[in-house]
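First residue of the sequence shown: 0, per numbering that gives the first Met the number 0; consecutive thereafter. Glycine residues also receive a C-beta, built at the ideal position from the N, C-alpha and C atoms. Computed from a prediction, not measured in an experiment: that's the story for all the values here.
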Amino acid sequence: MAGWLQALGQDWSANPSAMPTARKFLIFGVMAFGQFMALFDIQIVSASLSDVQAGLAAGPDEVSWVQTAYLMAELVMIPLSGYLAGAMSTRWLFVLSAGMFTFSSLMCGLSWNMESMIAFRALQGFTGGAMVPLVFAVGFTIFSGKQRALIPAILGTVSVLAPTLGPSAGGAITQALDWRWLFFINIVPGVIVTLLASQILRVDRATPSMFARIDWSHFVAMAVFLAGLEYVLEEGPRKDWFGDPGIAVAAWCSAVAFVLFLERSFRSTNPLVRLQPFRRPTFAFACTFNFVIGIGMYSAIYLVPVYLARIRGYDALQIGTTVFVVGISQLLSVVISAYLSQRVDMRWMITVGLSLFAWSLWLTSGMTSDWGFWEFFLPQAIRGLALMLCIVPSVNMALSGFAPGELRYASGLFNLMRNLGGAIGIAVVNTLLRDHARIASTRLGEALGTHPGAATDAVATFARRLGQIAPDPREAMGMAQGLFARLVGREALTIAFDDVFRLLAWMFLAALVMVPFCRPPANAAPPPPDAAH
């Protein structure tokens with residue numbers, strides 16, 4: 000036992016690629032599970048916000064910050080993680096992140112009012128955000144050849160499966176136990192991940208002197224830019240965008256901070272976020288693809304459950320069962336995408352992936368108000384397959400060939416682009432859904448006005464049927480008119496969903512224009528970790 004513990008704690012930071020394969024996969028498994036927890040908690044509360052609101056006696060405007068605070072803090076940490084990993088080593092940054100994520104999860108569950116919940120959710124998002132890019136960087140550092148080909152497929156599955164499972168799992172936990180257990184379930188696995196990471200995760204060395212050279216103006220600019228942008232995107236659809244003074248001020252501050260962020264990135268002697276990876280055209284194209292993938296992935300994850308809840312009246316379990324098809328299809332395509340990534344030009348692979356994704360969105364754009372599990376089955380199965388064929392080549396194109404010191408920054412920027420795409424995508428589809436529903440409702444009203452007899456006959460039929468419930472003819476007529484208005488509203492909203500999915504499909508087809516200009520990097524192994532110092 001003592002010998003096993005000694006081997007477990009052996010330091011491989013001088014040459015992490017030379018460690019035994021079993022240890023590599025143990026490290027990767029622990030870090031990937033940490034990534035899963037961080038991504039899972041983004042959406043776990045989305046189906047239970049009403050319960051959180053009731054439990055903390057909060058208003059409807061306040062409870063939305065349970066989501067917004069997490070996302071704002073996570074966006075700030077993701078690009079910052081590269082600098083911190085260099086300063087304190089990947090090992091201690093990941094251990095600190097996992098430990099603080101576990102602590103903040105405990106405190107979220109113990110929250111006594113909405114202010115405390117928002118504060119601990121922000122801490123949870125900030126600490127959880129570091130785990131996401133670190134696992135990508137470590138995977139590309141310690142693995143090579145056929146083993147490395149599995150890394151994008153596995154992490155891509157985690158990146159999509161975790162937020163997909165979040166709402167349905169959260170709803171089931173709230174129904175079976177209590178909303179506080181949405182956070183308490185992180186404690187045991189979080190402690191295990193923290194302890195294991197502290198023993199086995201020795202892949203690089205710390206450079207503590209970097210702490211003394213931190214460019215604080217760069218940090219403040221980045222935090223204000225990303226947090227302000229996330230606030231505008233999250234709250235904008237609910238508050239009429241720039242018609243709200245708070246949104247306008249946040250947008251102005253974010254824009255000014257963005258200019259300062261760029262100035263510090265290029266002119267600072269020790270920038271927190273290095274933009275040099277964008278000098279590689281392949282990396283820039285891969286980040287653009289990842290941005291588009293983020294829009295499509297998170298928008299679809301958001302739109303389908305909203306449709307099922309608002310149009311079909313599904314509960315959390317029924318929604319989870321329906322959308323789970325995407326996850327199953329992804330799992331089946333992991334091996335396929337890993338196999339193809341070793342034998343097929345990345346440009347061909349991502350072309351097929353983007354085309355299939357566009358096809359799945361186009362199929363979904365034909366839905367009616369009575370779609371259920373089987374109607375969604377084929378589009379979602381195709382989307383699950385397409386996701387892996389998009390994610391695997393984009394990760395390979397983005398992160399292959401970087402030295403470990405650069406890889407940390409490249410991973411942070413790459414993951415940031417997907418999260419930004421998701422935030423922008425959800426905000427845009429929310430706005431489009433509202434606007435197109437209003438337009439469709441107006442057009443349906445005009446059509447009914449052109450043929451008033453059909454509407455009058457339908458209302459009269461409803462009134463006769465409702466007469467058995469409400470003997471008063473005026474009451475029955477009022478109920479019939481209300482029912483007819485709800486049916487018109489439902490059909491208008493369904494048309495709006497179709498329009499949004501169709502626009503998303505066109506966006507993926509437009510992304511294909513970039514593929515011929517994207518040359519995959521030479522499949523060279525990265526230099527040894529010492530090169531980073």
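Residue nearest to G169 within the set L55, D203, D314 is D314 (criterion: CA-CA distance). L133 sits away from L194, with the two beta carbons spaced by 8 Å or more. The shortest C-alpha to C-alpha distance from A422 to any of D40, I213, G293 is the one to G293. Scanning the segment 231-319 from its first residue to its last, no whole beta strand (DSSP E) run of 3-plus residues comes out. Contact between A136 and R407 is confirmed by a C-beta separation of about 5 Å, below the 8 Å threshold. Here the C-alpha atom of A171 lies approximately 42 Å from the C-alpha atom of E445. For Y297 and Y69, the gap between their C-alpha atoms comes out near 16 Å. If you draw a straight line from the Cα of E374 to the Cα of V51, it is about 33 Å long.
Distance from the Cα of I213 is smallest, within the candidate group S267, K238, L492, S197, for S267.
CA-to-CA, the gap between A409 and P276 works out to about 6 Å. When the beta-carbon positions are compared, Q329 and M387 come within less than 8 Å of each other.
Counting along the chain, the unbroken alpha helix (DSSP H) around N395 starts and ends at 372-398. Within a 10 Å sphere around the beta-carbon of N429 sit 16 or more other beta-carbons, which makes this residue buried.
When DSSP states are grouped into helix, strand and coil, F401 belongs to the coil group.
Just so you know, the alpha carbons of M366 and V499 end up roughly 12 Å apart. DSSP places T89 within a helical segment (H, G or I) once states are collapsed to three.
The segment 245-256 and the segment 180-196 do not touch, with fewer than three beta-carbon pairs separated by less than 8 Å. With fewer than 16 neighbouring CB atoms inside 10 Å of its own CB, I327 falls in the exposed class. In the three-state DSSP reduction, T173 falls in the helix class (H, G or I).
Residue V75 holds the alpha-carbon nearest to the alpha-carbon of G227 among M30, A357, F210, V75. About 4 Å separates the beta carbons of I494 and A439, which is inside the 8 Å limit, making them a contact pair. In the structure shown, I438 falls within a helical segment according to DSSP collapsed to helix, strand and coil. It is roughly 11 Å from the alpha-carbon of L511 to the alpha-carbon of C517. Note on G242: under 16 other CB atoms within 10 angstroms of its CB, so exposed under the neighbour-count rule.
In this structure the segment 176-186 lies against the segment 100-112, because at least three pairs of beta carbons, one per stretch, are closer than 8 Å. Here Q123 is near F100, since their CB atoms are less than 8 Å apart.
The residue from R273, R90, F224 with its alpha-carbon nearest to that of T206 is R90. Distance check between G411 and each of A504, G371, G128 places G128 closest, using alpha-carbon atoms only. If you draw a 10 Å sphere on the C-beta of G371, you find fewer than 16 other C-beta atoms in it, and that means exposed. In the three-state reduction of the DSSP assignment, W180 falls in the helix class, which pools H, G and I. For M30, the enclosing alpha helix (DSSP H) starts and ends at 20-42. In this structure, the beta-carbon distance from M30 to P188 does not fall below 8 Å. Excluding its 5 nearest sequence neighbours in each direction, F260 has C-beta neighbours in its own chain below 6 Å: A220, M221, F224, listed in chain order.
One alpha carbon belongs to D177, the other to G400, and they sit about 47 Å apart.
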